[in-house]
Structure formats: structure tokens, C-alpha cells
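Per numbering that gives the first Met the number 0, the very first residue in the sequence shown carries number 0; after that it's consecutive.
Every residue, glycine too, gets a C-beta built ideally from N, C-alpha and C.
Keep in mind it's a predicted model, so treat the numbers as computed, not measured.
For reference, the structure is listed below as C-alpha cells.
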Amino acid sequence: MSMSKRYDVHMNEKCQVVSIFGTYVYPIHGAGYKTLFDEADMTFTNYELTACPTITVLLRDPFERFKTSLHSYCEQHKKGLKEVYQKIKSGKLMDNTWLPQYVWLGHLNKHYSGPVHLKSFTEINQITHRDQEQKHTQADVEPIDGIVRVDKHLMRSINKTVDLTELVRRYKAFLF
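Structure below.
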């Protein structure tokens, strides 16, 4: 199965943006997803996203995100790290929390084509008004290049407001 087909399976989820203290945020799995929904004042879904002004997207360091997501998956499913890592590497196992963040931006772009403000995941406390330390246990593995490559390039756009459609188009070649 091609990489694009594997990712397409996950794109059937509903697309949601939350409003937190007047900031519209697109939650990405493995980058504060649960916290953002917990703190949401309002939620917008699919066609409602066109009414949102600029949407903020928190991007997490792709290496940290992969290692943390892998560790969490193994703990949750009571699976061995080596076994899970090999399945991911061979393309036999995919999970929302380690799918490239770029894939989720493509998902957002199916329903929204306006500007997005890309911020570092480390700014989650400023958005949620929480004072919580982010502690995440990481698996001791080398992140898989095919999963983190496109996100490494996306990180160059942190603290910038960009056209989402152009961003998705620009980085598509890195994924496929």
C-alpha cells in the first residue's frame, strides 16, 4: 500500500477547530490534542471551519513527538517497543499520534483554505491559560525519516502566518 493510501484512511475523521479564549486552534494528535479539546469554549466541525478567521496550529518537534507517541502507544497497548517500531518502519502500523503533522494540515485544508498561524507546541499553556509542565516519556529510538522528514521542514514556518493551501502544496513532495 502506498504511503498516500495509508494516510488517506485517517483523513475520513471529522475535522475540528476549537475556540479557546477567542483563539481558534486546530488540534493535532500528539501535539496537545486532548488538552485543547478539554479547554475548548466552542468547537467548529467541517463546513463550519469556513467561518473561522486565522486558525492557530501548534506544531511539535517531530522527533520528540514521534518518540513520545511511540512510547505512549506501547504502554497503552501493552506491546514491546522493538515489535511496534519494526511494524511502523515496515508500514504495517499507523497511528494518528505519529502521522506527520503535515498530514493533519492536509486534512484541515480539505475544509479550510485561509491563513494559519503556526506556533510551537511549547506555547500551549499561553493558549489554554494553564500552568502545566509538559512531561512526556520518550522511547529510546531513532525517529523514522519517512514520518518526521516533512515535519522537520514545516518547523521552519514556526511563528509565521501562512496560506494553508500554499503550505500544503509546497511540502507535498516531501511526503510522497
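Within the same chain, and ignoring the five residues on either side of residue 137 in sequence, the residues whose Cβ sits closer than 7 Å to its Cβ are 63, 66, 67 and 70. Counting along the chain, residue 87 sits inside the alpha helix (DSSP H) bounded by residues 80-88. Within the DSSP secondary-structure output, residue 15 pairs in a beta bridge with 44.
As computed with DSSP, residue 114 is found in a beta bridge with 162.
For residue 49, there is no enclosing beta strand (DSSP E), as DSSP marks it with neither H nor E. A residue is called buried when at least 16 other Cβ atoms come within 10 angstroms of its Cβ; residue 59 meets this threshold and is buried. Separation of residue 14 and residue 61 (C-alpha to C-alpha, rounded to the nearest whole angstrom) is 21 Å. Per DSSP, residue 67 lies in no beta strand (DSSP E); the unbroken alpha helix (DSSP H) holding it starts and ends at 61-76.
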